[in-house]
Each structure stands twice: as structure tokens, then as C-alpha cells.
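A.B. asks: Below is the structure I would like to discuss, written out as C-alpha cells.
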Amino acid sequence: DTAVSQTPKYLVTQMGNDKSIKCEQNLGHDTMYWYKQDSKKFLKIMFSYNNKELIINETVPNRFSPKSPDKAHLNLHINSLELGDSAVYFCASSQGQSTSGNTIYFGEGSWLTVV
Amino acid sequence: KQEVTQIPAALSVPEGENLVLNCSFTDSAIYNLQWFRQDPGKGLTSLLLIQSSQREQTSGRLNASLDKSSGRSTLYIAASQPGDSATYLCAAKPYSGGYQKVTFGTGTKLQVIP
Numbered sequence: 002d003t004a005v006s007q008t009p010k011y012l013v014t015q016m017g018n019d020k021s022i023k024c025e026q027n028l029g030h031d032t033m034y035w036y037k038q039d040s041k042k043f044l045k046i047m048f049s050y051n052n053k054e055l056i057i058n059e060t061v062p063n064r065f066s067p068k069s070p071d072k073a074h075l076n077l078h079i080n081s082l083e084l085g086d087s088a089v090y091f092c093a094s095s096q097g098q099s100t101s102g103n104t105i106y107f108g109e110g111s112w113l114t115v116v
Numbered sequence: 003k004q005e006v007t008q009i010p011a012a013l014s015v016p017e018g019e020n021l022v023l024n025c026s027f028t029d030s031a032i033y034n035l036q037w038f039r040q041d042p043g044k045g046l047t048s049l050l051l052i053q054s055s056q057r058e059q060t061s062g063r064l065n066a067s068l069d070k071s072s073g074r075s076t077l078y079i080a081a082s083q084p085g086d087s088a089t090y091l092c093a094a095k096p097y098s099g100g101y102q103k104v105t106f107g108t109g110t111k112l113q114v115i116p
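Protein sequences appear in the order of chains A and B. Following my numbering, the numbering of the first sequence begins with 2 at its first residue and continues without gaps. Following my numbering, the numbering of the second sequence begins with 3 at its first residue and continues without gaps.
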């Protein structure tokens, strides 16, 4: 019973395609995130979603769109994929945002390769 | 803008050795500092979280310290084992903005040789 699960784990697709990565958490958390880890292992926030409030990192292209059907799911849809989108995408969740002691739980990542 | 640096980028030690991983951050106005472990093909697992009012946290063979004034945190691993081989990342969380404002370091890849 994985706490944060994301699918698919590996995805190879051609430039220009549209793809989605799904994420589900069974921890009862109210906040979910998408992070991108590039080839240099640099981890950057893309989106967070808390109680129907979507917070977008302004540097993320609008080809990326998160969708949250409910508190337990936050999916990532990517339109018109580009070579530079190749990276590992991590979903994560936490309870609350700024309260002390609450840690963040990560999924195992989705390896996206655009060819 | 917060910048988090981890040096060295990679470290190789023989089994049984005690070691220290370093994390430096430029903005000392942090809410907490957290250390994570990332295994190949896996996500990040939280190891230790130090609140800004604390100086250190311990869990088993791991000890993390925080010196906000100097902008430094260290992760001490005692009696290293091959199973400790992984990439270790530190993350600085600001007072406001939650985890969407956390800044991660680029990590130290540790290899413990049997």
C-alpha cells in the first residue's frame, strides 16, 4: 500500500504528443505537488494544489496543466511535448502547508523521455 | 532568492567510516531544514527535519545539525554501511508559502564501499 503512487513509471513519447501522468495519495493529505527533476538532479516545484486552490510556478509553460478531481488525486497533463520536457516528474503530498513538523511524501517518480 | 548548495556532489567512503555531508543556504530566514534520501529509481524519503529553533535532530546513526547564522546544516552518518549508498538532498523551507516554496539542494551522491 504505497502512500503516493504515480503512473506510468516510464514514458517514452515523440515530440508534439500529449501525455498525462497520474498521481494518487492514500494518506488523507490535503495538499499535493508536482516537482520536476532535471538531468542535473535539480528538483523544482511546478504546482501545488490545496483545498481547491491551485498554485502555479510561474516559470512552468502553459503546456503543462494539472488537474485535481479530488483531494487524493493530482494528475499532470502535458501538451505538445518538447525535447526539453524530458525529466523525472515527482508527485508529492503533505498535510497542510506551513504547519510545523509536517513532512512531505514523494512518489517514486515518472521518467519521461521525449524523442 | 534562496540558494541551497551541497558539496561535494559525490563522495565515496569505505564501510564503517563516519562521514559528514554539508548543506549551505544563502537566506537564513528558514522555517525548517530537511534532509532526504533518494535511491536510484525511487522518490525522496525524509530522514530528518530540523525546525529553525532547533540545533540538531537524531535518528539512529544519523545526526543533523543546523546553524542558521552561518547558513549551514550538516548530516552526520556514523559507522556507514553499503545500504547507506544513495543521494542525499537537503531542503530549506521558508516561513511562508509551504512546500511550494521549498528550495532543494542538488544533492550529494554517497557510495559506501564494502
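C-beta atoms are modelled at their ideal positions from N, C-alpha and C, and glycine is treated no differently.
#1: Answer with buried or exposed for I105/A, where buried requires no fewer than 16 other C-beta atoms within 10 angstroms of its C-beta.
#2: Among residues of its own chain, excluding the 5 on either side of W112/A, which ones have a beta-carbon nearer than 6 Å to its beta-carbon?
#3: Throw me the rounded Cβ distance for the L139/B and A94/B pair, which I believe falls under 8 Å.
#4: Is it the case that the region 71–82 of chain B contacts the region 3–19 of chain B, given that we only count it when at least three CB pairs across the two stretches are under 8 Å?
#5: Can you give me the C-alpha to C-alpha distance between G17/A and S30/B, rounded to a whole angstrom?
#6: Under 7 Å Cβ to Cβ from N52/A, same chain only, skipping five residues before and after it: list those, please.
#7: Using a Cβ cut-off of 9 Å, pull out every chain B residue sitting near I79/A, in sequence order please.
#8: Mark I79/A as exposed unless 16 or more other C-beta atoms lie within 10 angstroms of its C-beta, in which case mark it buried.
#9: What number of angstroms, rounded off, separates the C-alpha of P10/B from the C-alpha of W37/B?
#10: What would DSSP say about L12/A, mapped onto helix, strand or coil?
#11: Report all residues from its chain with a CB closer than 6 Å to the CB of V22/B; omit the five preceding and five following residues, and keep chain order.
#12: Three-state secondary structure (DSSP) at D69/B?
#13: Using CA coordinates, which residue listed in L44/A, L55/A and V61/A is at the minimum distance from S69/A?
#14: Residues of chain B with CB under 9 Å from K72/A, in chain order?
#15: At 7 Å on the CB atoms, spell out the chain A contacts of F106/B, in chain order.
C.D. replies: In short:
#1: buried
#2: Y11 and V89
#3: Outside the shown range of chain B, which is 3 to 116, sits residue 139/B, and nothing can be said about it.
#4: yes
#5: 43 Å
#6: D31
#7: What I79/A touches in chain B: nothing, since even the nearest Cβ is about 19 Å away.
#8: buried
#9: 15 Å
#10: strand
#11: T76 and Y78
#12: strand
#13: L55/A
#14: Those within 9 Å of K72/A in chain B number zero; the least Cβ separation is about 16 Å.
#15: L44
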